[in-house]
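Protein chains in written order, with my numbering: chain C, 1 to 444; chain Z, 445 to 888; chain L, 889 to 1031; chain A, 1032 to 1174. From the three backbone atoms N, C-alpha and C, an ideal C-beta is built for every residue, glycine too. This structure is a prediction, so every number in the text was calculated from the model and none was measured.
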Amino acid sequence: MFEKVLIANRGEIALRVIRSCRERGLRTVAVHSEIDADALHTRLADEAICIGPAEAARSYLHIPAIIAAAEITGADAVHPGYGFLSENPEFAETCAQCDLVFIGPTPEQMRQWGDKVSARALAKSLGLPILEGTELLTDVDDAVKKAESLGFPVLLKASGGGGGKGMQVLRSAEDVQASFETARAECLAAFGNDALYFERFLERPRHIEFQILGDKYGNIQVLGERECSIQRRHQKVLEEAPSVALTDQQRTDMSETIRRAMSKAGYLSAGTLEFLVDDRGELTFLEMNPRIQVEHPVTELIMGVDLVAEQIRIAEGEALEVRDQPLAPRGHAIECRINAEDPDTFAPSPGVITELHMAGGTGVRIDSGIYGGGRVPPHYDPLVAKIIVHAPTRAQAIAKMQRALSETIIGGIRTNIALHQRILQHPAFEEGRISTRFLDDLRG
Amino acid sequence: MFEKVLIANRGEIALRVIRSCRERGLRTVAVHSEIDADALHTRLADEAICIGPAEAARSYLHIPAIIAAAEITGADAVHPGYGFLSENPEFAETCAQCDLVFIGPTPEQMRQWGDKVSARALAKSLGLPILEGTELLTDVDDAVKKAESLGFPVLLKASGGGGGKGMQVLRSAEDVQASFETARAECLAAFGNDALYFERFLERPRHIEFQILGDKYGNIQVLGERECSIQRRHQKVLEEAPSVALTDQQRTDMSETIRRAMSKAGYLSAGTLEFLVDDRGELTFLEMNPRIQVEHPVTELIMGVDLVAEQIRIAEGEALEVRDQPLAPRGHAIECRINAEDPDTFAPSPGVITELHMAGGTGVRIDSGIYGGGRVPPHYDPLVAKIIVHAPTRAQAIAKMQRALSETIIGGIRTNIALHQRILQHPAFEEGRISTRFLDDLRG
Amino acid sequence: MKLDLEQLRELIRLLDEANLTEIEVEHDDDRIRVRRDPAAIVAAVPQSVAPTAEGAAAAAAEENGSYVTSPFVGTFYRSPSPDSDPFVEVGDEIVVGQVLCIVEAMKLMNEIEAETAGTVVEVLVENGKPVEYGDKLFRIEAT
Amino acid sequence: MKLDLEQLRELIRLLDEANLTEIEVEHDDDRIRVRRDPAAIVAAVPQSVAPTAEGAAAAAAEENGSYVTSPFVGTFYRSPSPDSDPFVEVGDEIVVGQVLCIVEAMKLMNEIEAETAGTVVEVLVENGKPVEYGDKLFRIEAT
Chain C
1 MFEKVLIANR GEIALRVIRS CRERGLRTVA VHSEIDADAL HTRLADEAIC IGPAEAARSY
61 LHIPAIIAAA EITGADAVHP GYGFLSENPE FAETCAQCDL VFIGPTPEQM RQWGDKVSAR
121 ALAKSLGLPI LEGTELLTDV DDAVKKAESL GFPVLLKASG GGGGKGMQVL RSAEDVQASF
181 ETARAECLAA FGNDALYFER FLERPRHIEF QILGDKYGNI QVLGERECSI QRRHQKVLEE
241 APSVALTDQQ RTDMSETIRR AMSKAGYLSA GTLEFLVDDR GELTFLEMNP RIQVEHPVTE
301 LIMGVDLVAE QIRIAEGEAL EVRDQPLAPR GHAIECRINA EDPDTFAPSP GVITELHMAG
361 GTGVRIDSGI YGGGRVPPHY DPLVAKIIVH APTRAQAIAK MQRALSETII GGIRTNIALH
421 QRILQHPAFE EGRISTRFLD DLRG
Chain Z
445 MFEKVLIANR GEIALRVIRS CRERGLRTVA VHSEIDADAL HTRLADEAIC IGPAEAARSY
505 LHIPAIIAAA EITGADAVHP GYGFLSENPE FAETCAQCDL VFIGPTPEQM RQWGDKVSAR
565 ALAKSLGLPI LEGTELLTDV DDAVKKAESL GFPVLLKASG GGGGKGMQVL RSAEDVQASF
625 ETARAECLAA FGNDALYFER FLERPRHIEF QILGDKYGNI QVLGERECSI QRRHQKVLEE
685 APSVALTDQQ RTDMSETIRR AMSKAGYLSA GTLEFLVDDR GELTFLEMNP RIQVEHPVTE
745 LIMGVDLVAE QIRIAEGEAL EVRDQPLAPR GHAIECRINA EDPDTFAPSP GVITELHMAG
805 GTGVRIDSGI YGGGRVPPHY DPLVAKIIVH APTRAQAIAK MQRALSETII GGIRTNIALH
865 QRILQHPAFE EGRISTRFLD DLRG
Chain L
889 MKLDLEQLRE LIRLLDEANL TEIEVEHDDD RIRVRRDPAA IVAAVPQSVA PTAEGAAAAA
949 AEENGSYVTS PFVGTFYRSP SPDSDPFVEV GDEIVVGQVL CIVEAMKLMN EIEAETAGTV
1009 VEVLVENGKP VEYGDKLFRI EAT
Chain A
1032 MKLDLEQLRE LIRLLDEANL TEIEVEHDDD RIRVRRDPAA IVAAVPQSVA PTAEGAAAAA
1092 AEENGSYVTS PFVGTFYRSP SPDSDPFVEV GDEIVVGQVL CIVEAMKLMN EIEAETAGTV
1152 VEVLVENGKP VEYGDKLFRI EAT
């Protein structure tokens, strides 16, 4: 058992981790930048250490400061949350060298799954269905040849990229010739790595992901899927679980395929396998996220698990419960990410929260990083809160989320609540006819 | 189906009703006093009508103003919440005369159960176990005689009283002689009615209550019990469900006894039967509350029902689902009533909410009537919010509530959060050894 | 010059509530100052509306208008029946106790009477429209 | 002109709390002044934090000292090893670049150097205690 956990993050996820720690009787240490001296995670942890100025590079991303904070407070484990250092294998290694347990997968697993080309190869070798794609592209001629053999349209992707950065759809050999060198240069500048490859491009795919947990003893639990197709520029906006696109049989089959694959890989802690679903309902592996995800609460609500508590238990060396058959989802859950941003221009909207009422009542869960009277600094992710609802059916969950959004008051900053309202009242959303192009279609 | 419901209340319960209406697609009308022009229920209902000045007698208790508000907005039903006019049969009658559906029991039922002596007689005739007690007391000699035959100590109660007002423990004939006339005069002054009677006085009873629902077709559902022993001056402070004091057999038996009794009575809508439990675990009927109760959410969480939605369905004429056997409780729920009051002196603490963070995360439900930047006026009930948690076991629910309280920030007013923290960490509470004297013992 | 009377009234109310002698606000080229003679402040006067000196001058425009507000929630009628003439019209001189309108609630016709004499200078609600408690119905200028 | 009443109310609240007679705030082209008659202020003002001579003196001292703050999270050491003398003592004259202390983090001994010359007038952290980023370590008076 740990005694004290340092949370190397801020905002709603830092508070999320504090909650699971506190319910397990663990003490918590927050780290914070100077501008976050009055932030919620700073105020609510048992101890709080200022680790640097507002710039993330000198605070939340600064490994020595975080390790030193753990040292002076006597923390015995570190939870990285998502973003910041959560997928940084050097950080995980440094923790280990300093006798701190990193609550997450091993550094090797982070490396394996962090590089997209090696992740695809690994997934394929583990028996997961893969979207047709190519090896790394050597030069523009090689690129044209590989694109033609894969068949247009193709998606040009950076092996070291993430969050959709550096991706381009190419529809002809001319497109490839026109774009390849520029893309390579941009890619080098952005990721310090110019490795590019192609994937088959799906025009209107769904984005579906499966939540897994793995322990030190090779046990893997697959906790169903999340539907994450509602995205803007590859950033998820609204998620739900389960997905209307999967039949029960597909869910069962895919869960078993994933369980076998990840057992073989010996995956540790929480992770998410992302898939694209084409118009015939076929799932193909996209990537693996070796961390807790923003949208994990929808899974928690329908499966009745506390994923962060499970991460902690696993890191403490406990074994997962082995079940004869996977947990069945109960009801339907939807999450809306509330961002401090202009609903039309999507420009960030920092400020002081002058008025605040978060939705409440039956079946509503709030995971928030702000408080009335507090400040949203301009330096970090605009995600300020998540509203998550749980109801017996999808239609009831939609009605409940509409009700929850209608009663949410956040004064002093602008938010994307109106965008969520437009999504939820759209007939195509109501009927479950969605794809990753939904928001472009909505705005187009 | 209704189209528009007027909510004749304010604060958290008004918002609670708005929620269930909105999820059913019903429009809502808030009524408010002048000082509540910016209150949460005023802001969040679809329409809001100012019905009078701050004094409740001229606004929330003023029947003609509320009826007129329903008329000018075209509401077709009225939900009275709890308190204010919720147990006023004249209000229910006036609604009926004005073609407004009163969402609650019939005026006759409110009269039957509202008078405590007639309620006792009715309960007895319906086969419910009754705490030994007397008829009405005619004079001081009659009182002494009846007290002696019942056996000291006895509890002197006002037939028209409520909320513990006018109750006194008398331990000898001398006590009766010394107190009777004064009590009668006070009682007349307070309730306009000097009818007094005795009940057997239990030194350290538990207070347990059963939630029921009845429809127009004589169906009664019994939705388990709530443990409400944690009280201060007969005001509940913290409630939980289920009660550790009942065995499964007792729960099943008592549920069936109540179902039969209330079916015979033909009770309509939501109601609560309160019982005292003596040290041998025997339950005796105390009173019936013909309305939704403050603490209804603990039942909602463990039974998976929306009691306000059920009240609305019943008022619309729908039938309750008839089950072969009663719903089984799932997990354990606790509610803490957060009052705007000094935690030591219990003096009310109105003011402007300068900082606000309500607890969130898994298994936490908030039913609140305040918002950051809003005002708590001095004119009404000090209850500003309810924190309700749900977890698989009682121990986990206690840990979760402690975690929820620890993260709650309410600036600008004082609250009783510290009192709840003292209760939750008390060994006797943890072990479930509680009675209605718990808080006196804690403070004594 | 555009005079925002409502704003000025807010300031005077604040001056009263907080028991102040002066509030001055300057913004761009605008400046508002509300002042009161310290001697005029009595110990316990919540919501006193006794403007003096400069305050009185500023509030003067307001002062010769007062409002009749609705003491009930209900429906506003200007005449006793659909076919009859309105109780009062703009420009009418009215006396204390004169019926100005009806606010109907629960089928009862509540006659609203003038509490001050003066001239009706504005009718603020349309005939047949719903009114809330405290809604302004008429503006009356003292004569 | 846009009037921020909430702000005004804050000012009045401050006026009350601090038992003042006037607050004036000027910013760009905006100016706000709130005043109260001194005679109107009674003794029975709860939680008054009337600034006194002592408070003023303490604040003044602040003014002519500057602080060396910790650029790292870690453990503060006044001397290079447990047996050696502190790098500096109160009263020492220091020069730019002089080592004042060590902040240890991740087994690394980071020497903290003076960025200004002056006299050490206060050591604010005990030897061996943890420090956060930005914690004040020494107060230096310019010479």
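Item	Value
Residue from Glu-3(C), Ala-48(C) and Phe-191(C) with nearest C-alpha to Leu-26(C)	Glu-3(C)
For Val-31(C), three-class secondary structure by DSSP	strand
Closest residue to Gly-133(C) among Lys-124(C), Glu-34(C), Gly-266(C) and Val-140(C) (Cα-Cα distance)	Lys-124(C)
Chain Z contacts from the segment 405–429 of chain C (Cβ-Cβ distance under 8 angstroms)	Ser-406, Glu-407, Ile-409 and Gly-411
Neighbour-count burial assignment, Lys-146(C), 16 or more Cβ in a 10 Å radius	buried
Collapsed DSSP secondary structure at Cys-1132(A) in the structure displayed	strand
Per-residue contacts from Ile-1054(A) into chain L (C-beta, under 8 angstroms)	Result: empty, since nearest Cβ-Cβ is about 10 angstroms, beyond 8 angstroms.
Bridge partner(s) assigned by DSSP for His-834(Z)	Ala-777(Z)
Per DSSP, cross-strand counterpart(s) of Leu-996(L)	Ala-993(L)
First and last residue of the uninterrupted alpha helix (DSSP H) at Glu-760(Z)	That residue, Glu-760(Z), is in no alpha helix (DSSP H); it is neither H nor E in DSSP.
Assumed close pair Glu-977(L), Val-1008(L) - CB separation to whole angstroms, cut-off 8 angstroms	7 angstroms
Cβ distance (whole Å) where His-41(C) is taken to contact Arg-10(C) below 8 angstroms	6 angstroms
Residues bridged to Gln-655(Z) (per DSSP)	Thr-716(Z)
Chain-order list of residues whose beta-carbon lies under 8 angstroms from that of Thr-252(C) (same chain, five-residue window excluded)	Pro-326
Own chain residues within Cβ distance below 6 angstroms of Leu-646(Z), not counting five before or after	Leu-720 and Asp-722
Of the listed residues Lys-1017(L), Val-956(L) and Gly-1006(L), nearest to Ile-516(Z) (C-alpha basis)	Lys-1017(L)
Whole-angstrom distance between Thr-408(C) and Arg-466(Z), CA atom to CA atom	14 angstroms
Other residues of its chain near Glu-295(C): CB distance less than 6 angstroms, five sequence neighbours each side excluded	Arg-226, Glu-239 and Glu-335
Pick from His-823(Z), Val-808(Z) and Leu-827(Z) that is closest to Gln-840(Z), judged by C-alpha positions	Val-808(Z)
Beta-carbon proximity list for Glu-287(C), same chain, < 7 angstroms, skipping 5 on both sides	Lys-116, Ala-119 and Glu-274
Cutoff 8 angstroms: Ile-13(C) Cβ touching any chain B Cβ	In the structure shown, chain B does not exist; the protein chains are C, Z, L and A.
Amino acids of chain C, ordered along the chain, whose beta-carbon sits closer than 9 angstroms to that of Thr-1179(A)	The structure shown does not extend to residue 1179(A), since chain A is modelled only from 1032 through 1174, so no value can be given for it.
Option in Gly-432(C), Ile-312(C) and Gly-360(C) with minimal Cα separation from Leu-246(C)	Gly-432(C)
Those residues which DSSP pairs with Thr-284(C) across a bridge	Leu-276(C)
is_contact[Ala-1002(L), chain Z] using C-beta, thresh 8 angstroms	no
Run of the alpha helix (DSSP H) containing Cys-465(Z), from where it starts to where it stops	455–467
Three-state secondary structure (DSSP) of Asp-697(Z)	helix
C-alpha gap between Thr-940(L) and Glu-478(Z), whole angstroms	Residue confidence is low: Thr-940(L) scores 37 on pLDDT, short of 50, so the model does not pin down where it sits. Its coordinate-derived value is still stated next. One C-alpha to the other measures close to 28 angstroms.
Closest residue to Ile-302(C) among Ser-159(C), His-390(C) and Leu-126(C) (Cα-Cα distance)	His-390(C)
Within the segment 146–210 of chain C, ranges of the alpha helix (DSSP H) (whole runs, at least 4 residues)	173–191
Chain L contact for Ile-493(Z) (CB, 8 angstroms cutoff)	yes
Beta carbon of Ala-848(Z) nearer than 8 angstroms to that of Ala-777(Z)	no
Range covered by the alpha helix (DSSP H) that runs through His-526(C)	Any property of residue 526(C) remains undetermined from this structure, which presents chain C solely from 1 to 444.
DSSP state of Glu-576(Z) mapped onto helix, strand, coil	coil
Reduced DSSP category for Phe-1026(L) - H, G, I as helix; E, B as strand; rest coil	strand
Same chain, Cβ closer than 8 angstroms to Ala-189(C), neighbours up to 5 away in sequence not counted	none
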